[in-house]
Amino acid sequence: MKLSLSQLEAYHRDGCVIVDCPFPQTLAQDCQSAVEKVAIDPESVTADTRRNHFRLAPQIPGSYWCALDHTVPFLKIMLHPEILEMARQLSGDDDVYFRNGGINELAPDHSFWWHRDSEMVYTEFMHYFSGASVAQGCLRVIPGSHIGSADRFKEEAERRRRNQGYPEEYWVDGIADVELPGEVPLEVRPDQLIVRDSRIFHATGLNTSNEGRSMSHWLFRDGASNDHRFRFEDVLTEELIEALSPEQRDALWLGRDFDIAEGYRDEREREDGKVMWGVV
């Protein structure tokens with residue numbers, strides 16, 4: 479699957495586009511079944527210092543990673559042939575590599591405040607398993623904010639927080655970040671996918687529901703970018719790797735010569751041998 483000309487224009491103009499999922503919903507159901515197998519009482523998730531999880535505990539305290547992020551059901555979606563084709567189209571490179579995925583569960587009364595993920599240029603894919611509405615804390619974006627510096631958006635957000643008496647601590651429970659001029663909520667159905675530029679300025683609404691809002695997001699990098707987070711042969715079991723197609727294994731760059739990016743070396747040393755994924 480490749481984006482159409484109009485979708486490409488929207489992506490480059492706005493920094494994001496919503497498309498129909500190119501994978502069957504049975505794959506999403508497999509992911510949800512896997513969640514039900516390992517989910518625990520939210521009150522028991524005490525080691526989540528990253529605010530990433532609600533019913534899925536991190537593998538080790540302080541880690542971004544739960545037991546499912548790169549398991550077979552999720553990789554079957556993230557490395558789906560149609561997704562790989564889209565990733566190659568948007569990166570302009572046939573030799574892309576999968577940097578990582580991740581599961582984010584926005585807990586009730588939680589939100590994320592305005593920020594830009596990176597100054598590096600790449601595409602992020604986001605799939606909400608039960609869809610995402612304003613009431614569930616869906617993504618909020620400022621179209622076009624991926625172009626140029628984010629300073630003007632940061633400054634406006636900070637000014638409005640001061641004027642409205644917001645606490646200095648970010649991501650306080652029960653509070654959504656300030657409204658910014660031009661922002662739009664990206665409400666999506668379970669059969670839709672958000673494709674966005676890494677640089678778009680974004681936040682979430684406040685999850686006012688009683689359930690965690692579950693989302694899987696992932697990204698690829700072009701072959702020339704040294705942004706490797708994993709050597710996947712070190713964190714995926716042989717059984718898992720064998721369950722993937724040759725094309726999917728190629729996107730993991732198994733056995734190829736590269737260095738872990740400097741920004742992730744401490745994480746890899748801290749989690750070496752402690753964070754792994756297998757077949758669920």
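Read in order, the letters of the sequence shown are residues 479 to 758 in our numbering.
Using N, Cα and C, we set each Cβ at its ideal position, and we do this for glycine too.
Sheet register partners of residue i (DSSP bridge)
i, result
"E647", "The partner list for E647 (beta bridge, DSSP) is empty, contrary to what the question assumes."
"S692", "E583"
"V672", "For clarity, residue 672 is Ile in the given sequence; the question names Val instead. For I672, which the question treats as bridged, DSSP gives the partners I496 and M604."
"V666", "A610"
"H593", "H680"
"F698", "F576"
"W755", "L714"
Per-residue DSSP class, three states only, for residue i
i, result
"E602", "strand"
"T715", "coil"
"T549", "coil"
"A739", "coil"
"A681", "strand"
"C509", "helix"
Contact set for residue i: own chain, Cβ-Cβ below 7 Å, skip 5 residues either direction
i, result
"A739", "N704, D705, H706 and R707"
"S541", "E749 and V753"
"D571", "D700 and G701"
Nearest residue (CA-CA) to residue i, options the options
i, options, result
"Y600", "R674, F679 and F532", "R674"
"L617", "V495, H490, M754 and G756", "V495"
"G756", "E720, L732, R746 and W731", "E720"
"E745", "D651, P621 and P539", "P539"
"S694", "E487, V513 and S484", "V513"
"A545", "G579, E521 and I555", "G579"
"G741", "S596, G690 and V612", "S596"
"K515", "P551, A654, I672 and A628", "P551"
Backbone CA spacing between residue i and residue j [nearest angstrom]
i, j, result
"E716", "R594", "36 Å"
"P500", "H605", "11 Å"
"R529", "E665", "22 Å"
"P659", "E747", "42 Å"
"R677", "F590", "16 Å"
"L534", "D735", "33 Å"
"P645", "W696", "31 Å"
"T682", "Y648", "13 Å"
Same chain only: Cβ atoms within 6 Å of residue i, ignoring 5 sequence neighbours per side
i, result
"M479", "P500, E560, E563 and M564"
"Q485", "V495"
"R638", "V656"
"E711", "L732"
Residues near residue i by beta carbon distance below 8 Å, same chain, minus five either side
i, result
"D573", "D700 and G701"
"A610", "C616, L617, L664, E665, V666, R691 and M693"
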